[in-house]
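The opening position of the sequence shown corresponds to residue 34 in the working numbering, with each subsequent residue numbered one higher. We put the beta carbon where it would ideally sit given N, CA and C, even for glycine.
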Amino acid sequence: TDSPIVTEALGNRPEDIARAAELLRAGHLVAFPTETVYGLGADARNGAAVAAIYASKGRPSFNPLIAHVGDVAAARALVVWNDCAEAMAEAFWPGPLTLVLPLGAGHGVSPLVTAGLATLALRVPAKPCARDLLAAVGGPVAAPSANPSGRISPTTAAHVRAGLHGRIAAILDDGPCAVGVESTILGLQGPAPVLLRPGGLAVEEIEAVLGQPVAERDAADPLSAPGQLLSHYAPNASVRLNATRFEAGELSLGFGPGAFDLNLSETGDLAEAAANLFGHLHRLDARDAPIAVAPVPEVGLGVAINDRLRRAAAPR
Ligand code: TXA
Ligand code: MG
């Protein structure tokens, strides 16, 4: 992955998806859209291919990857399944939810995917293009978000190209991602469900199905979120949060009615704000000036939006 390669531009036609599947099966890296963000895929059973994900992103090797599968049966075959997983999969798969479960016998997944952990993060994405690709590959596809490590996540093929062009075999373009923030990660390996990362499925929805509250992760336990670095999603410029006034020279990112350089949602709609978040950060970043962000309520998808904004604003 050191010498540049030509990154193929693929679309969403059947022959493009077949080509993407062929590249993945041959051990190459292919970026593809999901409903949350674009992922950088590799055959999860091919150690060399998974190693190339870490190399192309500059990702620390202690940060494990999510395995993407086409359906619940394929997920069950890789882990020790349980009743809670069944209830979550029934309610929310395919969709923006990742489940962490103990690795099962004979799973075949490269230890580089789990970064040596005894658990595996699994998800069945909903975007038809991703489902078609996974069906064509016929095995688990490891995929982190398709951005250089630490930078803003990609919600369009153009974002992927800007960050990883020349380092990956192909990019499958099927338009912008509807959800716009990464999946919610739920740890189901212990006695009670734990929220490992807020994301595109609001925790309130999970709790409504479980009939019990979901515990926050223990921030002191490194295994509860092995790769969640404080500084992440970082634009080049500085980011200031909860801004109610804006200084001269600052670019303003709004939420709700008002005059801003860009607005996450003029009507204060959190789903719209999540879908706009990374695209707006990419656009402001290109203008190379300090960014100030209006307050976003800490409920529903606002929890994931604020989590990403805090990491974007964190000291580097
Ligand atoms: O929406 C998403 O989840 C996107 C799309 C492409 O599916 N993927 C994504 O991957 O956000 P990534 O690599 O950017 O984030 C995966 C997160 C990391 O924070 C990692 O530490 C955590 O999942 N993770 C992976 N395996 C884990 C495990 N076994 N236990 C706990 N956390 C795990
Ligand atoms: Mg990521």
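Would you mind stating whether residue i and residue j have Cβ atoms separated by less than 7 Å?
i    : j    : result
V326 : A276 : yes
T40  : A163 : no
V170 : P135 : no
L342 : H313 : no
A347 : L263 : yes
T131 : A107 : no
A322 : L284 : yes
A345 : A267 : yes
S89  : R200 : yes
P97  : A64  : no
A175 : A54  : no
R52  : L62  : no
V83  : L145 : yes
P224 : L73  : no
L303 : G213 : no
G233 : P127 : no
E305 : V70  : no
G137 : L111 : yes
G291 : G301 : no
Using a Cβ-Cβ cut-off of 7 Å (strictly less than) and excluding sequence neighbours within five positions of residue i, which residues of its own chain qualify?
i    : result
D104 : V157
P231 : T217, V336, A337 and D340
D49  : L43 and L205
A241 : none
P246 : E240
H198 : T40
R349 : S264 and A267
A308 : A211, V212 and G213
Helix, strand or coil: how does DSSP classify residue i here?
i    : result
A51  : helix
L221 : coil
I324 : strand
L62  : coil
G91  : coil
D206 : coil
D340 : helix
E215 : coil
T34  : Only weak support is given to the placement of T34: the predicted model assigns it a pLDDT of 46, under 50, and the question is left unresolved by the model.
N309 : helix
D318 : helix
A345 : helix
P99  : With the sequence shown as reference, residue 99 is identified as Ile, and Pro is not the correct amino acid for it. The answer is strand: DSSP assigns I99 an E or B state.
A75  : strand
A179 : coil
G80  : helix
I86  : helix
V329 : coil
Is any non-hydrogen atom of the ligand FAD found closer than 6 Å to the C-beta of residue i, if you look at the structure I gave you?
i    : result
S178 : What this structure holds is the ligand TXA and the ligand MG, not the ligand FAD.
Leaving out the 5 sequence neighbours to the left and right, which residues in its chain are closer than 8 Å to residue i when beta-carbon positions are compared?
i    : result
K160 : P66, T67, E68, D207, C210 and A211
E237 : V332 and G333
G196 : A179, N180, P181, R184 and P187
A202 : I38, T40, E41, L56, H61, L62 and V63
V133 : T152, L153, A154, L155, I218, L219, G220, L221, Q222 and L229
G282 : A322 and P323
C117 : L221, P226 and L243
L317 : P268, A270, L284, L286, D294, L295 and I324
In terms of DSSP beta bridges, what is residue i paired with?
i    : result
V112 : L136
G291 : Its beta-bridge partners do not exist; DSSP assigns none.
N296 : G287
G335 : In DSSP, G335 forms no bridge with anything.
A190 : Paired residue(s): none; A190 is not in a bridge.
L43  : L205
Can you name, in chain order, every residue of its own chain whose Cβ lies under 6 Å from the Cβ of residue i, other than the five neighbours on each side?
i    : result
V227 : G220, A248 and R250
N79  : G60
G141 : R78
V272 : I324, A345 and A346
D165 : I50
T189 : P209
- Task: Mind listing, in chain order, the continuous alpha helix (DSSP H) runs of no fewer than 4 residues lying wholly within the segment 116 to 177?
- Result: 116 to 125, 144 to 147 and 161 to 170
- Message: What ranges does the beta strand (DSSP E) occupy inside the segment 226 to 287, keeping only unbroken runs of at least 3 residues that lie completely in it?
- Response: 227 to 230 and 284 to 287
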